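There are 2 protein chains.
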Amino acid sequence: MNKLAELLKQRDKLYRDEYLAGISIDCVVFGYHEKSLKILLAKIKSATKWGLPGGFVRNDLPIQQAASQILEERTGAKNIYLHQFKAFGDLNRSDDLYVDVAEDLWVKKRFVSLGYYSLVNYKDVNPVVDEMSDKCEWKDIDDLPPLMMDHEQIFEEALLQLRRDLNYKPVGVNLLPEKFTMSELQKLYEIILGKELNRGNFYRKMTRYGILNKLDEIRKGGAHKSPNLYTFNLETYNKALENGLQESW
Amino acid sequence: MNKLAELLKQRDKLYRDEYLAGISIDCVVFGYHEKSLKILLAKIKSATKWGLPGGFVRNDLPIQQAASQILEERTGAKNIYLHQFKAFGDLNRSDDLYVDVAEDLWVKKRFVSLGYYSLVNYKDVNPVVDEMSDKCEWKDIDDLPPLMMDHEQIFEEALLQLRRDLNYKPVGVNLLPEKFTMSELQKLYEIILGKELNRGNFYRKMTRYGILNKLDEIRKGGAHKSPNLYTFNLETYNKALENGLQESW
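From first to last, the protein sequence lines stand for chains B and A. If you're matching positions, the first sequence starts at 4 in my numbering and goes up one per residue. If you're matching positions, the second sequence starts at 4 in my numbering and goes up one per residue.
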């Protein structure tokens with residue numbers, strides 16, 4: 004019996020007694036660092052592939068709270084913005100992970116997984132290796148290792164949903180430093196969207212959104228003309244998060 | 004024992020043997036008729052309130068297929084566009100429905116419900132009263148009866164998601180007749196969005212989307228200048244459904 008199978012056997016009664024059967028949670032945690040978008044991945048003991056951080060739902064917790072708790076345990080960060088974007092319920096999702104696990108264990112049943120995505124401040128996060136894993140690390144989304152189960156699909160759909168969500172809600176707080184240039188903001192959008200954007204159009208669109216404050220400061224140093232610095236106007240930014248951006252329907 | 008409690012007792016073994024425990028599906032089925040947006044509601048036997056059409060997931064079906072099957076059984080319509088938008092998993096969601104149902108029955112466990120929304124052609128649908136219900140009818144979203152469980156929340160979130168989705172995907176095929184005027188299309192958007200839109204802006208935005216074909220026909224009759232008729236360009240419409248609208252990021 005491998006280490007994973009052993010752990011799951013030990014925990015079987017706990018799971019049966021205290022957790023909802025058949026439902027799991029998987030989190031796609033995005034962070035931005037040195038002009039690249041990263042997600043948090045964990046390596047479960049005895050697994051050959053990496054996977055998304057996740058867990059189960061305790062009988063006494065609403066699913067949103069269960070997801071927050073899982074994320075807090077993995078990142079040490081509190082009050083993280085979590086967006087539930089899709090449930091994943093194809094047949095045989097878990098076949099490649101639990102190969103050596105006894106058939107009668109709780110985890111061997113069919114599970115539907117609730118997918119959440121999250122945008123976190125890279126610097127606030129301390130990836131935590133829990134009892135079930137050997138590793139927990141940031142990985143660049145352009146250079147992901149092979150993922151276990153259907154986690155590649157879950158990641159792809161999270162990224163797709165994040166891209167779609169950019170059409171009605173702002174992004175940047177938590178991902179960018181407090182003060183940033185328009186090109187830094189554009190770079191963030193380009194990296195999330197996976198494509199280059201026109202500089203003038205981006206500037207006009209962002210200005211129309213009304214979520215930026217232009218500062219009386221410029222970024223010093225560098226070869227080119229020193230660019231202006233901006234901060235997010237948290238009042239209009241949060242209003243846009245709630246009610247949609249200026250330009251949306 | 005009321006009729007509902009009796010039926011659930013009869014079906015208890017079937018549910019245990021053939022369906023996933025703890026997971027249900029609820030569908031918000033939107034149709035458009037006589038300038039009003041409607042949803043399909045059912046009245047479960049012995050229930051005092053109306054509810055969304057829904058059901059459970061058979062062990063041998065992926066969740067998406069289970070949802071399609073439930074909807075087909077309720078509407079008689081095939082290949083309906085279904086979008087899974089959120090899972091609902093608060094505690095005690097079902098308390099007001101299963102009051103008279105024995106504690107040890109399968110349905111009394113805690114359930115997480117997967118919410119789907121769907122846009123259907125009002126005329127293609129024949130609401131089906133199934134074994135569990137007394138009624139199944141279209142109801143105007145501006146004049147909904149009180150809903151059971153957390154179905155009001157599920158409906159509200161479906162409408163919110165539909166509104167958000169208008170920022171990156173088109174709407175209209177299935178809801179409008181084949182030929183329509185620009186004001187009819189605008190009216191549909193206004194009804195979904197719950198607000199009036201500027202006529203000129205709407206026209207410009209729609210034209211930029213590139214999903215309409217202007218016909219060499221006009222709508223005859225009526226007091227005003229006869230307006231042009233349009234159809235959707237299904238090629239660009241479907242491309243926009245898949246890849247996002249022209250104007251989205």
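Ideal Cβ placement from N, Cα and C applies to all residues, glycine included. It should be emphasised that the depicted structure is a prediction, and the values quoted were computed from it without experimental measurement.
May I ask which residues mark the beginning and end of the beta strand (DSSP E) holding aspartate 143 of chain B? 136 to 143 is the span of the beta strand (DSSP E), which, as asked, contains aspartate 143 of chain B.
Pull up the distance between the alpha-carbon of aspartate 15 of chain A and that of alanine 105 of chain A, whole angstroms please. So the alpha carbons of these two residues sit roughly 11 Å apart.
Would you mind listing the beta strand (DSSP E) stretches within the segment 96 to 161 of chain A that are 3+ residues and don't spill past its ends, in chain order? If we require 3 residues or more, the beta strand (DSSP E) runs fully inside the segment 96 to 161 of chain A come out as 115 to 122, 136 to 143.
Return the bridge partner residues of isoleucine 73 of chain B from the DSSP annotation. Isoleucine 73 of chain B pairs with nothing; no bridge assigned.
I'd like to know if the segment 202 to 217 of chain A and the segment 230 to 246 of chain A are in contact, where contact means that at least 3 CB-CB pairs between them fall below 8 Å. Contact between the segment 202 to 217 of chain A and the segment 230 to 246 of chain A is present, because at least three Cβ pairs lie under 8 Å.
Could you tell me the alpha carbon to alpha carbon distance between phenylalanine 205 of chain A and leucine 191 of chain A, rounded to whole angstroms? A straight line joining the alpha-carbon of phenylalanine 205 of chain A with that of leucine 191 of chain A spans about 12 Å.
So what's serine 251 of chain B in DSSP terms, helix, strand or just coil? Serine 251 of chain B: coil per DSSP, three-state reduction.
Glutamine 87 of chain B - partner residues in DSSP beta bridges: DSSP lists B:Tyr119 as partners of glutamine 87 of chain B.
Which whole-angstrom value describes the C-beta separation of tyrosine 101 of chain A and valine 110 of chain A, a residue pair presumed to lie in contact below a C-beta threshold of 8 Å? Indeed, because the Cβ distance is near 6 Å, the residues count as touching under 8 Å.
Buried or exposed for arginine 19 of chain B, going by 16 or more other Cβ atoms inside 10 Å? By the Cβ-count criterion, arginine 19 of chain B is exposed, with fewer than 16 other Cβ atoms from all chains shown falling within 10 Å of its own Cβ.
Is it buried or exposed, isoleucine 221 of chain A, if we count other Cβ atoms within 10 angstroms and call 16 or more buried? It counts as exposed.
Round the Cβ separation of glutamate 76 of chain B and aspartate 133 of chain B to the nearest angstrom and send it over; I've been treating them as touching at under 8 Å. Sure, about 7 Å apart at Cβ, within 8 Å.
Suppose the cutoff is 8 Å on Cβ atoms and the five residues either side in sequence are ignored; what does the same chain contact list for leucine 10 of chain A look like? Counting only Cβ-Cβ distances below 8 Å, and skipping sequence neighbours, we find Lys48, Glu134, Met135.
Which same chain residues end up closer than 6 Å to phenylalanine 158 of chain B when comparing Cβ atoms and leaving out the 5 residues on each side of it in sequence? Val31.
Decide if the segment 75 to 91 of chain A is in contact with the segment 164 to 181 of chain A; the criterion is three or more beta carbon pairs, one per stretch, under 8 Å apart. Here the segment 75 to 91 of chain A lies against the segment 164 to 181 of chain A, with 3 or more beta-carbon pairs under 8 Å apart.
Taking the straight line between their C-alpha atoms, what separation do you get for glutamate 250 of chain B and tyrosine 233 of chain B? Computed Cα separation, rounded: 20 Å.
Output yes if chain A places a C-beta closer than 8 Å to the C-beta of serine 251 of chain B; else output no. Closer than 8 Å: yes.
Please go through the same chain and pick out, in chain order, the residues whose beta-carbon is closer than 7 Å to the beta-carbon of lysine 142 of chain A, but skip the five residues on each side of it. Excluding sequence neighbours, lysine 142 of chain A sits near Lys41, Ile42, Leu44, Pro148.
Chain A partners of proline 65 of chain B, CB-CB under 7 Å? What proline 65 of chain B touches in chain A: Gly92, Asp93, Leu94.
Does arginine 113 of chain B come within less than 8 Å of chain A when only Cβ atoms are used? By the rule that beta-carbons nearer than 8 Å mark a contact, arginine 113 of chain B touches chain A.
Does any C-beta atom of chain A lie closer than 8 Å to the C-beta of leucine 117 of chain B? Yes, its Cβ sits closer than 8 Å to a Cβ of chain A.
Chain A beta carbons: is any one of them nearer than 8 Å to that of alanine 161 of chain B? So no, alanine 161 of chain B is outside the interface.
Separation of leucine 94 of chain A from leucine 64 of chain B, as counted between CA atoms: Their backbone Cα atoms lie some 7 Å apart in a straight line.
CA nearest to the CA of arginine 61 of chain B, picked from B:Leu196, B:Glu21, B:Ile144: Of the candidates B:Leu196, B:Glu21, B:Ile144, the one whose C-alpha sits nearest the C-alpha of arginine 61 of chain B is B:Glu21.
If we cut at 8 Å on Cβ distances, does leucine 23 of chain A have a partner in chain B? Yes, because at least one Cβ of chain B sits closer than 8 Å to the Cβ of leucine 23 of chain A.
Comparing alpha-carbon positions, which option in B:Pro180, B:Gly118, B:Gly92 lies nearest glutamate 37 of chain B? Measuring from the Cα of glutamate 37 of chain B, the nearest candidate turns out to be B:Pro180.
Quick one: grab the DSSP three-state call for tyrosine 206 of chain B. The DSSP-derived three-state label of tyrosine 206 of chain B is helix.
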